[in-house]
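Below is one structure, written out as structure tokens, with a few remarks after it.
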Amino acid sequence: MMIDRRPALSSLTQASASRDQNLGDLPVWKLEDLYPGQTSSEFLGAVEKAGADALAFETKWKGKLAASLETVGEGSLAEALREMEALEDLLGRIASYAGLTYYSDMTNPANGKFFGDIQAKLTDMSSRHLFFPLELNRLPDDAVDAAMDRDQALGHFRPWIVDLRKDKPFQLDDRIEQLFLEKSQTGAAAFNRLFDETLASLRFKVGEDEMPLEPTLTLLQDADPAKRKLAAEALSKTFKDNIRIFTLVTNTLAKDKDISDRWRGFEDIADSRHLANRVEREVVDALAEAVREAYPRLSHRYYKMKAKWLGMDQMNFWDRNAPLAETPDRLISWDEAKDMVLSAYGGFAPEMAEIAGRFFEGGWIDAPARPGKAPGAFAHPTVPSAHPYVLVNYLGKPRDVMTLAHELGHGVHQVLAGGQGALMCQTPLTLAETASVFGEMLTFRALLDKTTDKRERKAMLAQKVEDMINTVVRQIAFYQFERKIHTARKEGELTAEKIGELWLSVQQESLGPAIKISEGYENWWAYIPHFIHSPFYVYAYAFGDCLVNSLYAVYQNADQGFQDKCFELLKAGGTKHHSELLAPFGLDATDPSFWAKGLSMIEGLIDELEALDKAA
């Protein structure tokens, strides 16, 4: 995720180039906080040190972990874990720099080479300490538990060690694990890169203009139906023209995952994701089923209302995110967006606003939409010894403000969890969306409370409902699509036509009769990066949204102290299971009624919209 050290990509030069007369000065991130440059002595020295440290770690500890259990202090397992943690931080810092450079401009060949070369070196280094979790998991649990009870320094790592044990049934022989790791460079990682670079290089001809993906997708939110149609046609044409590549990538990665799952002994196609997320299959199944059952009460019901508002019996698929007539037609400047988000965060907790403010003041955000830059948005945690970075493609739409609030929520979460150290700071995906979705909700509620005009209020509520449908309904539909793809792939390679059929089947079911699914939409699965980078990741969004809806309901009725509980949840990182973290709020994700609570908030907003509509 990074760039080469051309002057154009330095913070000062880029900042001056990112002035938009409508949006103001859009910030770009300062990657110098990680390393001064690709050829700097600091970066080259770090790569050299990482290689030497990885070799030294392997030499010192491989085959000796059993003996380390008998020792406290020098030569102990606690010492090994501290060294492992330091090595992970160093490797992660190097990887973050390379990655952020690459995602700054994925069409620059120099960036691609730099990213690829660093990935190869890091994979080689990581293979040096691959033995550590495998060897540790072969030690008797009771012996490790006794050592943790005896040695306070080792006890510090208890959450990581206990969590590691969940991988035991699926771990393979050391040499096979090493082969899987090293072959990933020419397997999954290579096809991920092919997808990213292909997507970044695509141009979409809208009228006389050729533009990258992000601005083209943004036109689907334009007030002019003709522009929305032109954008949709451009997207459909370019996806179709490149569908062979996307079909190849999808088939290859689905097969790659099938091979890995089979070797490791996973029963269900999504079990490896559930394990990584530290969530039970039954919990995810309950979520997916609850959302599917709610389709008629949520998306079907809402889109029927929206079609009426737009004066249509049926909306075209490109009208789904069209603004209502009541939506104010103006761009929101960067400074306005900043004030909106920080004010909302500060209303909840000054500390939350203070941490989010660092992103604006410290050069931790890359905001301008530009050719070659990664589409969409993300928050990159980097490592605890550094600070996170946020990427958005800011175009001044209300949804862009919500995206900013969302990603900054991730950023705040990452800063708070960083205190757990490199081994325990990573939050499982199911809880990783907590702060982001909560930050979004805070921003929305703060703006809604200030809106007294009924027409504007209706537009805001409608947009929030659409965002929640996109987060809950659409992501569960994505999850069902992935399940169909990976199941079908077991029987043989899938044609683009077959993938399109599976895509349309879940879209029709989730969107309902008020949306007309016409020719051209069958290939829109092609640009969704989550299918490529993180199979089955998508349900985490629905999980997070429903969780936060339930959490927000508690917040609305909470006594003093809710904020403190919330910060404790965020600071926990990967040290606690979701059941432990939600218990202080009286919430339990294993209870089927939990999901009903979350979905009822969306229904309540649709109820409010209906009431406003009738009163008009």
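When the letters of the sequence shown are read in order and numbered with this note's numbering, they come out as residues 1476 to 2091.
All C-beta atoms in this analysis are idealised placements derived from N, C-alpha and C, irrespective of residue type, glycine included.
Thinking residue i and residue j are a contact (beta carbons under 8 angstroms), I'd like their distance in whole angstroms, please.
i: residue 1504; j: residue 1864; result: 5 angstroms
i: residue 1887; j: residue 1815; result: Not a contact, Cβ separation roughly 16 angstroms.
i: residue 1457; j: residue 2048; result: Because residue 1457 is not part of the residues shown, which for the chain are 1476 to 2091, the question remains open.
i: residue 1915; j: residue 1803; result: The Cβ separation is near 19 angstroms, so there is no contact.
i: residue 1556; j: residue 1528; result: The Cβ separation is near 15 angstroms, so there is no contact.
i: residue 1986; j: residue 1959; result: Rounded, the Cβ-Cβ distance is 16 angstroms, inconsistent with contact.
i: residue 2007; j: residue 1590; result: That pair is no contact at about 16 angstroms.
i: residue 1854; j: residue 1501; result: The pair is not a contact, with the Cβ atoms about 17 angstroms apart (cut-off 8 angstroms).
i: residue 1857; j: residue 1567; result: 7 angstroms
i: residue 1849; j: residue 1570; result: That pair is no contact at about 16 angstroms.
i: residue 1897; j: residue 1799; result: 47 angstroms between Cβ atoms; not a contact.
i: residue 1883; j: residue 1834; result: 6 angstroms
i: residue 1962; j: residue 1752; result: That pair is no contact at about 20 angstroms.
i: residue 1780; j: residue 2084; result: 7 angstroms
i: residue 2080; j: residue 1940; result: 5 angstroms
Compare the C-alpha of residue i against each of the options and name the closest.
i: residue 1546; options: 1851, 1619 and 1991; result: 1619
i: residue 1573; options: 1595, 1938 and 1831; result: 1595
i: residue 1656; options: 1735, 1694 and 1883; result: 1735
i: residue 1643; options: 1750, 1798, 1599 and 1675; result: 1750
i: residue 1754; options: 1966, 1568, 2056 and 1769; result: 2056
i: residue 1782; options: 1797, 1770 and 1771; result: 1797
i: residue 1911; options: 1957, 1876, 1695 and 1806; result: 1876
i: residue 1679; options: 1715, 1923 and 1942; result: 1715
i: residue 1907; options: 2014, 2036 and 1637; result: 2014
i: residue 2061; options: 2081, 2028, 2083 and 1803; result: 2028
i: residue 1768; options: 2088, 2075, 1515 and 2089; result: 2075
i: residue 1903; options: 2019, 1516 and 1824; result: 2019
i: residue 1999; options: 1613, 1688, 1544 and 1812; result: 1688
i: residue 2003; options: 1533, 1722, 2080 and 1542; result: 1722
i: residue 1990; options: 1794, 1846, 1928 and 1710; result: 1794
i: residue 1954; options: 1808, 2010 and 1835; result: 2010
i: residue 2094; options: 1530, 1700 and 1549; result: Examination of residue 2094 is not possible in this model, given that the chain is present from 1476 through 2091 alone.
i: residue 1593; options: 1523, 1925, 1531 and 1809; result: 1523
i: residue 1965; options: 1725, 1509 and 1615; result: 1725
i: residue 1647; options: 1612, 1588 and 1686; result: 1612
i: residue 1713; options: 1677, 1940, 1520 and 2037; result: 1677
i: residue 1499; options: 1878, 1560, 1599 and 1871; result: 1871
i: residue 1532; options: 1548, 1514, 1558 and 1549; result: 1558
Note down, in chain order, each residue of its chain lying with its Cβ closer than 7 angstroms to the Cβ of residue i, except the 5 sequence neighbours on either side.
i: residue 2050; result: 1634, 1895 and 1899
i: residue 1832; result: 1817
i: residue 1921; result: 1818, 1819 and 1822
i: residue 1702; result: 1694
i: residue 2017; result: 1762, 1766, 1946, 1947, 1950 and 1951
i: residue 1552; result: 1540, 1543, 1544, 1622 and 1629
i: residue 1564; result: 1858, 1859, 1860 and 1897
When DSSP builds the beta bridges, which residues end up paired with residue i?
i: residue 1426; result: Because the chain here runs from 1476 to 2091, residue 1426 falls outside it and cannot be looked at.
i: residue 1758; result: According to DSSP, residue 1758 bridges with nothing at all.
i: residue 1853; result: 1866
Who are the Cβ neighbours of residue i in its own chain at under 8 angstroms, not counting the five residues just before and after it?
i: residue 1478; result: Since pLDDT at residue 1478 reaches only 24, below the 50 mark, its modelled position is unreliable, and the value read off the structure follows with that caveat. Excluding positions up to five away in sequence, the list reads 1484, 1506, 1575, 1576, 1577, 1579, 1580, 1583 and 1586.
i: residue 2067; result: 1761 and 1765
i: residue 1944; result: 1773, 1774, 1777 and 2077
i: residue 1731; result: 1662, 1663 and 1666
i: residue 1881; result: 1852, 1911, 1912, 1914 and 1915
i: residue 1653; result: 1602 and 1605
i: residue 1979; result: 1992, 1996 and 1997
i: residue 1645; result: 1739, 1740, 1741, 1747 and 1750
i: residue 1770; result: 1948, 1984, 1985 and 1987
Just checking residue i against the ligand ADP - is the residue's beta carbon closer than 7 angstroms to any of the ligand's heavy atoms?
i: residue 1760; result: The ligand content of the structure shown is nil, which means the ligand ADP is not present either.
Considering only residues of the same chain and omitting the five flanking positions on each side of residue i, which have a CB-CB separation below 6 angstroms?
i: residue 2021; result: 2070 and 2073
i: residue 1608; result: 1639
i: residue 2041; result: none
i: residue 1933; result: 1801 and 2087
i: residue 2064; result: 1758 and 2053
i: residue 1874; result: none
Report task. Pick out the complete alpha helix (DSSP H) segments inside the stretch 1940-2004, 4 residues or longer, and give them in chain order. Result -> 1948-1964 and 1971-1986
Report task. Could you name each continuous alpha helix (DSSP H) segment of 4 residues or more that falls completely within the stretch 1868-1918, going from the start of the chain to the end? Result -> Qualifying alpha helix (DSSP H) stretches, in chain order: 1873-1892 and 1904-1907.
**Report entry** Entirely enclosed alpha helix (DSSP H) segments - the stretch 1552-1595, minimum 4 residues
**Finding:** List check, alpha helix (DSSP H) in window: 1552-1579.
Query raised in the report: At what residue ranges does the stretch 1782-1837 contain a whole run of the alpha helix (DSSP H), taking only runs of 4 or more?
Result: Runs found: 1809-1823 and 1825-1836.
**Report entry** Length-filtered (3 minimum) beta strand (DSSP E) runs lying within the stretch 1678-1757
**Finding:** Fully enclosed beta strand (DSSP E) runs of 3 or longer: 1679-1681 and 1684-1686.
Query raised in the report: Of all the beta strand (DSSP E) runs that stay within the bounds of the stretch 1602-1682, which reach a length of 3 or more residues?
Result: 1679-1681
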